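Worksheet: the structure to be examined is printed underneath.
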Amino acid sequence: MIQPISPRNKTFLGFVVDHFIETGSPVGSSTLISKYDIKWSAATVRQGLNSLMEAGFLAQSHISSGRFPTEKGINYYVENILQVEDSQDYDLSLLENKYEGIDGTLDHVISATSSMLSDFTKLAGLGMLPQRNTLRVKSAKLVRMGRKECLIFLVFEGGLTEKTYIRLARPISDSQLERIGGYLNRLILGLTIEQVRKVVLEKIKRTATDYSEILEKVLRISSELFERERKAGIFVEGKISVIDSLNFGDSALYRIIIEILEDHELLSGFLKSVVRDGRSKVFVGSEKGMPSGFSLVAAPYYKGNSYGSLGVFGPTRMDYSKIIPLVNYAAKMVTKRVNGETSE
């Protein structure tokens, strides 16, 4: 448990973090006093900085250098000092205007939003789709591919689709295909994937009809989808932007960044925790399970009763006062868009 710090030291910590976010450099007491017009004496400021170092909120590279915030210090800043509602954030109307040009299915909207978050922040924009097994089936369609072949299309809320090629044991006529397609829609329309599995399995057990072979294929599709739950669809945009934001030539660090952003299972763990909690969260470095030196700001959006999430990934010195409200606003815009709400 983090011990509370005095209001005065909290002020000093806030200034050190603000300076670090702005410059990426450590800061000494004399610079803090002049830059932030601090009224306390230099001795008082030094004493406060030393106390923050002892508590693990600040560090310095050597005894005569300035102080910089640790990940513990940045976490404390985000959770206890930062006033997001009072920040001068991006012109969020620009984000709303960009949404006017977005059409398409849910995956298109989330992909486009990830790109916009990257464009606005010059960092990596992330977007996670809702799990298909929490979405309801809007329609099922069979499309002929040959005498014994067809495609099964399952369309979910938000326009997400899943298709599978199947080969049948015997030829099927157009009229049979149409009749089976109609039966399939009546059977599974409005159900989640888990419900589809139960209903179809029960039908297969109870009856043996012309529909049985198709139903067995649908059962296979739904089972595969259900088992893929942990591999949620994630969009990652702006990998190069994160590298550029660090502004120095450490090739080993570049590889680490690419490895992180290509590890969708790692990222989905953070994004899913935002969905579970139903609120925006900030993960700062190893203090919150992120790779050391990096942070993720994320917020949930919803489609009906199903949730996905958006985020911005970058170095721990990202500008949280701008990025947190931006991600929250984007999540609200996505929620409105995918639920067919109009902007006021």
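Here the sequence shown stands for residues 1136 to 1479, numbered as in the numbering used here.
From the three backbone atoms N, C-alpha and C, an ideal C-beta is built for every residue, glycine too.
What you are looking at is a predicted structure, and each value in this text was computed from that prediction instead of being measured.
Contact check for residue 1391 and residue 1426: beta-carbon distance about 7 Å, within the 8 Å limit, so the pair qualifies. Across the set 1399, 1460 and 1429, the C-alpha of 1460 shows the shortest separation from the C-alpha of residue 1414. Between residue 1443 and residue 1435, the gap from beta carbon to beta carbon is short of 9 Å. If you check the CB distance, residue 1264 and residue 1328 do not come in under 9 Å. For residue 1301, the closest of 1280, 1167 and 1292 by C-alpha to C-alpha distance is 1280. Here residue 1419 is near residue 1451, since their CB atoms are less than 9 Å apart.
Counting along the chain, residue 1424 sits inside no beta strand (DSSP E), nor does DSSP assign it H or E at all. Judged by their CB atoms, residue 1200 and residue 1142 are not nearer to each other than the 9 Å cut-off. Contact check for residue 1429 against residue 1458 fails: the beta carbons are separated by 9 Å or more. For the region 1152-1214, there is no continuous beta strand (DSSP E) assignment of 3+ residues that stays within its boundaries. If you compare the alpha carbons of 1261, 1289 and 1305 with that of residue 1282, the shortest gap goes to 1305. Counting only unbroken stretches of 4 or more residues, the alpha helix (DSSP H) elements lying wholly within the region 1236-1318 are 1241-1256, in sequence order. Its chain contains 1434, 1435, 1436 and 1445 as the residues whose beta carbon lies nearer than 7 Å to that of residue 1466, once the 5 sequence neighbours on both sides are disregarded; these appear in chain order. Across the structure, residue 1241 and residue 1369 are spaced so that their CA atoms are roughly 12 Å apart. In the DSSP annotation of this structure, the continuous segment of the beta strand (DSSP E) that includes residue 1371 starts and ends at 1369-1372. According to the DSSP assignment, residue 1409 belongs to the alpha helix (DSSP H) that extends over 1399-1412.
Closest in C-alpha terms to residue 1156, from the list 1468, 1321, 1245 and 1212, comes 1212. DSSP places residue 1219 outside any beta strand (DSSP E), giving it a letter other than H or E. For residue 1418, the pairing in a beta bridge is given by DSSP as 1431.
For the 9 Å CB-CB criterion, residue 1246 and residue 1397 do not form a contact. Residue 1323 is a Cβ neighbour of residue 1272, given a cutoff of 9 Å.
Annotation for residue 1456: the continuous alpha helix (DSSP H) segment containing it runs 1455-1473. Contact annotation: the region 1185-1194 touches the region 1140-1154, with at least three C-beta pairs closer than 8 Å.
When DSSP states are grouped into helix, strand and coil, residue 1324 belongs to the coil group. In this model, residue 1330 and residue 1338 are separated by some 12 Å (Cα to Cα). Taking C-beta separations shorter than 7 Å and ignoring five residues to either side along the sequence, the partners of residue 1348 in its chain run 1303 and 1304, following chain order. For residue 1448, the pairing in a beta bridge is given by DSSP as 1259 and 1431.
A residue is called buried when at least 16 other Cβ atoms come within 10 angstroms of its Cβ; residue 1232 does not meet this threshold and is exposed.
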